[in-house]
Amino acid sequence: MIYVEEKDFDRQIQLLSFLASLDDLTICIWLYPESTATKLAGIEVAQKSLSLTPITTYGDGSIPKCTVPTSASLTTMKLIGSSYNELKKNCDSLALYKKSESSWIAATIGHEGMCLVQDDTLLSCLIKAGYPASTRAPDWW
Numbered sequence: 000m001i002y003v004e005e006k007d008f009d010r011q012i013q014l015l016s017f018l019a020s021l022d023d024l025t026i027c028i029w030l031y032p033e034s035t036a037t038k039l040a041g042i043e044v045a046q047k048s049l050s051l052t053p054i055t056t057y058g059d060g061s062i063p064k065c066t067v068p069t070s071a072s073l074t075t076m077k078l079i080g081s082s083y084n085e086l087k088k089n090c091d092s093l094a095l096y097k098k099s100e101s102s103w104i105a106a107t108i109g110h111e112g113m114c115l116v117q118d119d120t121l122l123s124c125l126i127k128a129g130y131p132a133s134t135r136a137p138d139w140w
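Each residue of the sequence shown is one higher than the one before, counting from 0 in numbering that gives the first Met the number 0.
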């Protein structure tokens, strides 16, 4: 696992955009359990539970809702990036998935200022791109 401490929302979106440029990926916005939003950043919230692995698990067994998987295109990423206030109120995390796979490959947890990348082989690529990436989790994590 690669850990990228990044408090700035725009930089988090840039990181996801960078990773999405390396492969054909989809993005899902995971909602806080108490959110009643039906759409975030113009993307519909899924009406039924999807088989995707969420980023956050909850002690009470709550299964969070997410938006329908959407192509992580530059247009989509810009739309998400321009939706900061809406996401701050409703979004627990943003996650990238390979098409037809249920496990996330990268995620940002905005309120934690943490980005996670599953593939350790991307470490040098992320560092070269200017991200403070490490395979060692921060002490506070």
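Think of the CB as a built atom: it goes at the ideal place given N, C-alpha and C, for glycine as much as any other residue.
These numbers come from a predicted model, not from an experiment.
Exercise for the section: Find out if the Cβ-Cβ distance for the pair Cys90, Trp29 is shorter than 8 Å. Expected result: In the sequence shown, the residue the question calls residue 90 occupies position 91. In the sequence shown, the residue the question calls residue 29 occupies position 30. Yes; because the gap between Cβ atoms is below 8 Å, this pair is in contact.
Problem - Classification of Ala132 by the beta-carbon crowding that lies within 10 angstroms, buried from 16 upward - result: Taking the sequence shown and counting its residues from 1, the one referred to as residue 132 is at position 133. So Ala132 ends up on the buried side.
Handout entry: Cβ contact check for the region 43-55 and the region 73-88: 3 or more pairs under 8 Å
Key = no
Exercise for the section: Apply the 10 Å Cβ neighbour rule to Ile79 and answer buried if 16 or more other Cβ atoms are within range, or exposed otherwise. Expected result: The residue labelled residue 79 in the question sits at position 80 within the sequence shown. When all chains shown are included, Ile79 counts as buried.
Handout entry: Extent of the continuous beta strand (DSSP E) to which Leu30 belongs
Key = On the sequence shown, residue 30 is found 31 positions in, with the first residue counted as 1. Here the beta strand (DSSP E) through Leu30 covers 24-30.
Problem - Contact check, Cys27 vs Tyr130, beta carbons under 8 Å - result: The sequence position of residue 27 within the sequence shown is 28, counting from 1. The sequence position of residue 130 within the sequence shown is 131, counting from 1. Result no, Cβ atoms of Cys27 and Tyr130 do not sit closer than 8 Å.
Practice task
Can you tell me which of the three DSSP states Thr74 falls into?
Solution key: As a first step, residue 74 is located in the sequence shown; it is residue number 75 there, counting from the start. The answer is helix: DSSP assigns Thr74 an H, G or I state.
Practice task
Please check the pair Ser101 and Ser50, which I expect to be a contact at CB under 8 Å, by giving their CB distance rounded to whole angstroms.
Solution key: Residue mapping note: residue 101 aligns to position 102 of the sequence shown, counting from 1. Residue mapping note: residue 50 aligns to position 51 of the sequence shown, counting from 1. Yes, they are in contact, since the Cβ atoms of Ser101 and Ser50 sit about 5 Å apart, within 8 Å.
Handout entry: Spatial distance of Thr69 from Ile42 (CA atoms)
Key = Along the sequence shown, read from residue 1 onward, the residue named residue 69 stands at position 70. Along the sequence shown, read from residue 1 onward, the residue named residue 42 stands at position 43. Each residue's Cα considered, the two are about 8 Å apart.
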